[in-house]
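Add 8 to the 1-based position in the sequence shown for our numbering, that's all there is to it. Glycine residues also receive a C-beta, built at the ideal position from the N, C-alpha and C atoms. In this text the structure is predicted, and so the values were computed from the model without any measurement. To start, the structure itself, in structure tokens.
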Amino acid sequence: MLPLIDMKPGDESCIYSTLLFVDSQATKLPMPAACVTFDQPLWLKAVEISKAAALNSIVCRLDGFHLLMSFLGSIGTVMHGSGLQELMGFVYGCDAVQHMLSGKAVSRALRAYLLIQSALITLLLQRIIPRPTGTQELAEITDDIALTADDVDHLVNLCNSVLQSPQDYNQTDILQCASLQTVDQQLQSIKQQVSASSQTAKLPSCGSSMSIMLKHAKCSSQLNALATGICICKQASSAFMIC
């Protein structure tokens with residue numbers, strides 16, 4: 009049985025003693041680095057203590073739920089003034105929106121961001137999916153059409169096959185689909201064109217990218233995938249710097 013520290017968890021001496029014990033155990037094993045998971049209030053203190061004490065072999069990590077809360081709050085801060093608050097206000101109350109943008113109402117915020125991301129992707133897909141001849145939308149999307157009717161049929165058949173027999177497919181097989189790769193390339197191209205037009209137009213593309221990372225962060229927290237979580241944190245840092 010490991011020794012108990014008879015102190016309050018939030019006490020800095022308690023956190024420091026815990027980090028020293030973990031560091032000593034990592035040295036004995038030996039381990040190049042030891043990962044310690046904290047919730048958000050303790051994580052802030054642990055990071056400051058580990059830096060001040062030069063515990064370079066200690067990696068302080070947020071747990072999955074608090075990582076999501078921090079990520080949601082960061083999105084709300086970056087997207088402030090973009091109209092996101094007003095958009096959410098059509099579905100949720102003012103007080104609920106404030107909690108969602110601050111990262112406190114996690115379930116509601118997740119649903120709202122995924123709905124918004126789905127709507128943005130739908131608008132982008134309308135620019136590359138061919139329409140029947142004679143429709144009003146045809147003139148607006150002629151320059152961006154990259155998918156043929158065969159590509160659309162292929163994607164529909166792939167989707168139906170995966171839904172009927174998911175055990176016969178893995179993520180690698182699906183991502184290698186040529187039609188799906190074409191869709192991804194064209195969506196990225198349209199996002200770049202929209203982002204280059206103005207700083208305001210850049211915000212929806214930025215929000216869509218953050219929502220996709222939010223999905224991955226949610227999956228990594230459910231699977232407790234440390235490597236995936238670290239990779240997502242790096243991508244999120246880069247996205248916030250760009251936005």
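- Taking a 10 Å sphere around the C-beta of D161, we find fewer than 16 other C-beta atoms and assign the residue as exposed.
- The straight-line gap separating the alpha-carbon atoms of L132 and Q33 is approximately 52 Å.
- In the DSSP assignment, R119 falls within the alpha helix (DSSP H) that extends over V114 to L133.
- A straight-line Cα-Cα distance of about 23 Å links N64 and I13.
- Within the stretch 28-101, the alpha helix (DSSP H) runs of at least 4 residues that lie entirely inside it are, in chain order, 48-60, 72-86 and 92-96.
- Note that the C-beta distance between M87 and M96 is not below 8 Å.
- Here K199 carries a helix assignment [DSSP, helix/strand/coil].
- Judged by DSSP in its simplified three-state form, M15 adopts coil rather than helix or strand.
- Looking at the backbone, the Cα of E56 and that of K36 are separated by about 24 Å.
- Here the stretch 116-124 does not lie against the stretch 177-187, with fewer than 3 beta-carbon pairs under 8 Å apart.
- With a threshold of 16 other beta carbon atoms within 10 Å, Q172 falls short and is exposed.
- A distance below 8 Å between beta-carbons, with the five flanking residues on each side excluded, links M77 to the following residues of its chain, in chain order: Q48, G111, K112 and V114.
- Per DSSP, the unbroken alpha helix (DSSP H) holding N168 starts and ends at A157 to Q172.
- In the three-state reduction of the DSSP assignment, L109 falls in the helix class.
- Rounded to whole angstroms, the gap between the alpha carbons of V170 and S21 is 54 Å.
- Excluding the 5 residues flanking it on each side, L28 has no same chain C-beta neighbour closer than 6 Å.
- The residue from I198, D158 and N168 with its alpha-carbon nearest to that of S187 is D158.
- With 16 or more other Cβ atoms from the protein chains shown falling within 10 Å of its own Cβ, A54 counts as buried.
- Q134 and A104 have their C-alpha atoms some 32 Å from each other.
- C-alpha of L166 to C-alpha of Y177: approximately 10 Å in a straight line.
- Between W51 and L70, the CB-CB gap stays under 8 Å.
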